[in-house]
Amino acid sequence: MTAEIIGNLPFIVSVLMIMVGLSALLFKKNMIKMAVGLSVMGSGINIFLVATCYRFGSIAPIFTNAPLSEASKAAVEMALPVPQSLTLTSIVISLAVTALMLSLAMLAYRHSGTLDSEKSRRLKG
Amino acid sequence: MTPEFISFILQNAPALCVAVPLLSAFIVPLFRKKWGKASAAFTLIALLLTECLVLSVFFSVLSGGTRVYAMGADIPERTLPSGLSVPIRIILQIDVLSAIMGLVGATIALISVLYSVQGVRDKADGKFFCLMLLMLTGFIGFVFTGDFFNIFVFFEILSISSVGLIAFWLHKQEAVEAGFKYLSISAVASLFVLLAIGLLYAQHGVLNIAAISQDVMLSGFAIVDVIALGLLAAGFLMKCGAVPMHYWVPDAYGESPEAVTAILAVASQASLYALLRVSFTMFGSFPLIDIIAWAMIILGALSLFVGSTMCLRQRDLKRLIAYGGISQTGFILVAMGAGLAAIGHPMFADFGLKAMEGGIFHMINHAFYEALLFLSAGAIIYATGTRDLDELGGLARKMPLTAILFLVGAMAMAGLPPSNGFASKILIYESVYYFNPLLAVIALVSSVIVTVPLVKAFCAVFLGPEVKKFSGIKETPKGMLLAMFLLAAIVLLFGLFPGIIVEFVARPAAEALLNWNAYWGMIL
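From first to last, the protein sequence lines are chains A and B.
So the first sequence is residues 1135 to 1259, counted in our numbering.
So the second sequence is residues 4 to 527, counted in our numbering.
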């Protein structure tokens, strides 16, 4: 039981982070906090992706690090490279999204003098 | 221009469709301001080139069936290099539905850039055209790709460049707010999609859509697949502007520059396309797909109702058209949901295929007449500087051509003959009636309700006594009129000869969605 929990810990953490991020987006009115929530949610998904590709005791999937002799090949496993590259791409994209969101929040603050999305809201109906 | 060169271009056209707008997007900002219209001319040339490439892909797909293009392969059609059994290369897979969506997107991008040369004021040229080209890149990549992770990447390219364009006039508080709303919705939607991609990869070990689809349908159904399907459907429904996540639509459509709004309407069709790709091609024989079908039908019916009734009380011209657009999204969702629910049903041959044809035809039509309506609304705003229906009036004397063009678009959205909206709506009514008469009634009633605000808008803007404030205005500039004429011609031609489009485009597209064996066969 304990081993199962520890083995699945990355997945539990990632789901918790996704939930925390999503609830911040839904329930916070401060635009900066919404951007933080989005970033936390993205990190949760990145943890999930990295956790899916990891195998216990595996090494980084770099071609030149591969063991040379036939005998040691069976002993050393490599992590799956595809989800790692997905994670890299998604980190870059979420950086762009967070930066854009923060700059829009800054501009909204300049216009209305508040970060509260309810108070600065003009578009209704 | 040797024959070898042309055949080389034609062979690599699918990749070039993405590469040409992407590369030119980063060349455009290098033009200096004092070179005048050079950046606009360059953008138009790049878009014309893209249009020709997409057209060549479209016709080759129509005549020769689904096309695949493996990135980096010595022979582009070879999807499984050196004896591999799993497609690990990034593959573009273009069936009839992808090709027609790409063609619609490229055409509308070309027309709205043509319009924006005169129609969008204070556009720091380089930035505006760069973002427009990036948006087209995201759109074409999104509909052409056969790789699931690329769907996420192009989805983000599309939405980040859209945000840049929605909030293009940073000095307006409303524009910034609309951009923030759109960004938060689209970021959450694409994170849902990314999580679903991670789940599907963990379950099936591939990222190629055809390979995942084959594995999902043949290897039995895991609970992970159900979660992934739910996340994907939620993400794409959020982004296509269906109720209850429709609130970003009027804000984003209302505040963006008009030429952008036309492309933005097509961009939300892209997520409808992805919804269809996922629900038909990937999960078509899934036992729980009925739930997704009914979610599409119910959300579609709600969108029809909410869109048309909210449209009634609008006083802002662009928000009025945007709410009308939400109700049209409802039409597409109802039709495609009815088709999806009928798969495997003995009566499918009677109405299912017809409903899907109607839905796909309506997707194409909706893109064109929505663009026409927004561009003509933009012409009114360009001339008068206001979009408040209470202030406008009597413009038909000054701008007769714009009035006729607006009328053509309004007729199409209301579904009156001889416009294309009539042709596709009648297909949807006929087929959905056999599925469930109540749905056909809801669709018909909301189509009638949408007619009322459109008539109101036309009367308020163009008819009535002359308003003193607007006595000095002139007819819309020629470049803008040309762009709108092109759209109106397409709207009327599709309305006069609907049979050709249905037979040669909509039916093959619907069959391509249903024939998942053929979709796998191209890759595996």
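Ideal placement from N, C-alpha and C gives every residue a C-beta, glycine not left out.
Just so it is clear, the structure is predicted and the values come from calculations on it, not from any experiment.
query, result
"From the DSSP output, in three-state form, read off residue 280/B for me.", "helix"
"Secondary structure at residue 1194/A, three-state DSSP: helix, strand or coil?", "coil"
"Using a cut-off of 9 Å between C-beta atoms, extract the partners of residue 210/B located in chain A.", "1216 and 1220"
"Does residue 1234/A pass the burial test, meaning 16 or more other C-beta atoms within 10 Å, or should it be called exposed?", "buried"
"Keeping to the same chain, check which residues put their C-beta closer than 7 Å to that of residue 129/B; ignore five residues upstream and five downstream.", "31, 32, 34 and 42"
"Can you pull the chain B neighbours of residue 1256/A, defined as C-beta to C-beta under 8 Å?", "176, 177 and 180"
"Check for me: the alpha helix (DSSP H) holding residue 508/B runs from which residue to which?", "Per DSSP, residue 508/B belongs to no alpha helix (DSSP H) and is neither H nor E."
"Give me the Cβ distance between residue 100/B and residue 363/B, rounded to the nearest whole Å; I'm assuming they're in contact under 8 Å.", "7 Å"
"If you scan the segment 431-456 of chain B from start to end, which runs of the alpha helix (DSSP H) of 4 or more residues do you find wholly inside it?", "none"
"Provide the residue span of the alpha helix (DSSP H) that contains residue 236/B, from first to last.", "226-242"
"Which partner residues does residue 1164/A have in the DSSP bridge list?", "1250/A"
"Kindly indicate which residue of 286/B, 272/B and 207/B has the alpha-carbon position closest to the one of residue 235/B.", "286/B"
"For residue 146/B and residue 180/B, I'd like the C-alpha separation in whole angstroms.", "29 Å"
"Excluding the 5 residues flanking residue 409/B on each side, which residues of the same chain have their C-beta closer than 6 Å to its C-beta?", "379"
"Can you find a C-beta in chain A that's less than 9 Å from the C-beta of residue 474/B?", "no"
"Relative to the C-alpha of residue 107/B, which candidate in 150/B, 54/B, 340/B and 97/B has its C-alpha closest?", "54/B"
"Per DSSP, which one or two residues make a beta bridge with residue 148/B?", "95/B"
"Thinking just about the alpha-carbon of each residue, which of 210/B, 160/B and 480/B is nearest to the one in residue 1293/A?", "For residue 1293/A there is no data in the structure shown, the boundaries of chain A being 1135 and 1259."
"Thinking just about the alpha-carbon of each residue, which of 89/B, 389/B, 427/B and 269/B is nearest to the one in residue 357/B?", "427/B"
"Do the segment 248-267 of chain B and the segment 372-386 of chain B touch if we need at least three Cβ pairs shorter than 8 Å?", "yes"
"Strictly under 9 Å for the Cβ-Cβ distance: is residue 260/B near chain A by that measure?", "no"
"Using a cut-off of 7 Å between C-beta atoms, extract the partners of residue 159/B located in chain A.", "1227"
"Using a Cβ-Cβ cut-off of 6 Å (strictly less than) and excluding sequence neighbours within five positions of residue 501/B, which residues of its own chain qualify?", "426"
"Nearest chain A C-beta to residue 186/B closer than 9 Å, yes or no?", "yes"
"What do you reckon, are the CB atoms on residue 71/B and residue 16/B nearer than 9 Å?", "no"
"If I measure Cβ to Cβ from residue 148/B and keep anything under 7 Å in the same chain, skipping five residues before and after, which residues do I get?", "95, 154 and 157"
"Considering only their Cβ atoms, is the gap separating residue 215/B from residue 320/B smaller than 9 Å?", "no"
"Less than 9 Å between CB atoms is the rule here; does residue 197/B satisfy it with respect to chain A?", "yes"
"In whole angstroms, what separates the C-alpha of residue 205/B from that of residue 336/B?", "30 Å"
"Quick check: is any heavy atom of the ligand FMN less than 8 Å from the C-beta of residue 179/B?", "With respect to small molecules bound, the structure shown includes none, and the ligand FMN cannot be examined in it."
"Report the three-state DSSP secondary structure of residue 1243/A (helix, strand or coil).", "helix"
"So, at 8 Å on beta carbons, what are the nonlocal neighbours of residue 1213/A in its own chain, with the 5 sequence-adjacent residues on each side left out?", "1187, 1188, 1189, 1192, 1193, 1194 and 1195"
"Once DSSP output is grouped into helix, strand and coil, what is the label at residue 71/B?", "strand"
"Residues in the segment 1168-1190 of chain A with C-beta within 8 Å of chain B's C-beta atoms, listed in sequence order?", "1168, 1172, 1175, 1176, 1179, 1182, 1183 and 1186"
"With distance defined between alpha-carbon atoms, name the residue in 1258/A, 1238/A and 1256/A nearest to residue 1166/A.", "1238/A"
"If you draw a straight line from the C-alpha of residue 20/B to the C-alpha of residue 103/B, how long is it?", "13 Å"
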